[in-house]
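The opening residue of the sequence shown carries number 0 in numbering that gives the first Met the number 0; numbering runs sequentially from there.
We treat Cβ as the ideally placed atom computed from N, Cα and C, and that holds for glycine.
Bear in mind that the values here come from a model prediction, so they are computed numbers and not experimental data.
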Amino acid sequence: MTAPTPIRVLLADDQTLVRASFAMLVASAGDMEVVAEAGTGRQAVDLARSARADLVVMDIRMPDLDGIEATRLIADDEDLAGVKVLVLTTYDTDEHIVDALRAGASGFLVKDIRPAELLDAIRTVAAGDSLLSPGPTSRLIARFLRAPDTAMSAVGGPDGLSERERQVLTLVARGFNNTEIAEALGLSPLTAKTHVSRIMGKLGARDRAQLVIVAYESGLVTPGAV
Numbered sequence: 000m001t002a003p004t005p006i007r008v009l010l011a012d013d014q015t016l017v018r019a020s021f022a023m024l025v026a027s028a029g030d031m032e033v034v035a036e037a038g039t040g041r042q043a044v045d046l047a048r049s050a051r052a053d054l055v056v057m058d059i060r061m062p063d064l065d066g067i068e069a070t071r072l073i074a075d076d077e078d079l080a081g082v083k084v085l086v087l088t089t090y091d092t093d094e095h096i097v098d099a100l101r102a103g104a105s106g107f108l109v110k111d112i113r114p115a116e117l118l119d120a121i122r123t124v125a126a127g128d129s130l131l132s133p134g135p136t137s138r139l140i141a142r143f144l145r146a147p148d149t150a151m152s153a154v155g156g157p158d159g160l161s162e163r164e165r166q167v168l169t170l171v172a173r174g175f176n177n178t179e180i181a182e183a184l185g186l187s188p189l190t191a192k193t194h195v196s197r198i199m200g201k202l203g204a205r206d207r208a209q210l211v212i213v214a215y216e217s218g219l220v221t222p223g224a225v
């Protein structure tokens, strides 16, 4: 049997030591490889294309071009349509994560995660799922989405969803994966996945990260409910 193709990872962080640590970690996994390292946002955009990366682990705070704008340029480039972006935030000091999601990031993590969590996150996002830290970070998202200038006009609201689809959307916003949604609602994982795909189609959402934004902006999920 042919071995699966490794996930091609681009590491973007302005701190050389951080990149080196992440590179060693990724290299220790048999199903992924580091294909390039970038010290600025501009380099990250250029290398995403030239190194044919599948996924970019993107720090927000970088010189030349910050991680948010770099993410936006990658997401808006049709030639990079298959490239996923996993954003890292320091959480306590970095409150730009909503901008990163709007720019096209498929997920985010705080920098103090355990090594195994980062590897799992890379696999999750590379597979096409979004990854959003639940709990306090979700409340951080909610607070920023309540601001009047954060409307996502390109994505529809949940009014046209069925009751079951609204339940699924609520769980997506709380950080549940398809298996967890299935267990919570008594569905099969395949049915849960189908519901999520149908919801994305109805709302015109690019990925699950945008579904989270819709859930918060519409009031379907509130900070106290997470």
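Neighbour-count burial assignment, residue i, 16 or more Cβ in a 10 Å radius
i: D12; result: buried
i: M31; result: buried
i: G134; result: Below a pLDDT of 50, predicted positions are generally treated as unreliable, and G134, at 49, falls in that range; no measurement from the model is reported.
i: S187; result: exposed
i: R163; result: exposed
i: G103; result: buried
i: A208; result: buried
i: D65; result: buried
Coil, strand or helix - residue i by DSSP
i: D58; result: strand
i: G81; result: coil
i: L16; result: helix
i: T39; result: coil
i: F175; result: coil
i: G159; result: helix
i: I121; result: helix
i: A224; result: Confidence is the limiting factor: at A224 the pLDDT is only 49, short of 50, which leaves the residue's position unreliable, though a coordinate-based value still follows. A224 falls in the helix class under three-state DSSP.
i: T88; result: strand
i: R207; result: helix
i: G106; result: strand
Spatially closest choice to residue i from the options, by CA coordinates
i: D128; options: T88, R113, V171; result: V171
i: L54; options: T39, M61, A74; result: A74
i: P3; options: I212, R122, R207; result: R122
i: P114; options: S20, K201, L210, L160; result: S20
i: I67; options: D98, T193, I198; result: D98
i: I198; options: Q166, G185, T178; result: Q166
i: K192; options: G81, D65, T178; result: T178
i: I96; options: S196, A183, R71; result: R71
i: Y215; options: R60, I59, V33, L100; result: L100
i: Q14; options: L184, A26, M61; result: M61
Residue i vs residue j beta-carbon contact at 8 Å
i: L219; j: L168; result: yes
i: A37; j: A28; result: no
i: S105; j: L79; result: no
i: A22; j: L10; result: yes
i: V213; j: P157; result: yes
i: A125; j: K83; result: yes
i: G174; j: K201; result: no
i: T39; j: D76; result: no
i: T190; j: A204; result: no
Beta-carbon separation (whole angstroms), residue i vs residue j, contact threshold 8 Å
i: L16; j: M57; result: Not quite, the Cβ-Cβ distance comes to about 17 Å (not below 8 Å), so this is no contact.
i: R7; j: R51; result: 6 Å
i: L46; j: A35; result: 4 Å
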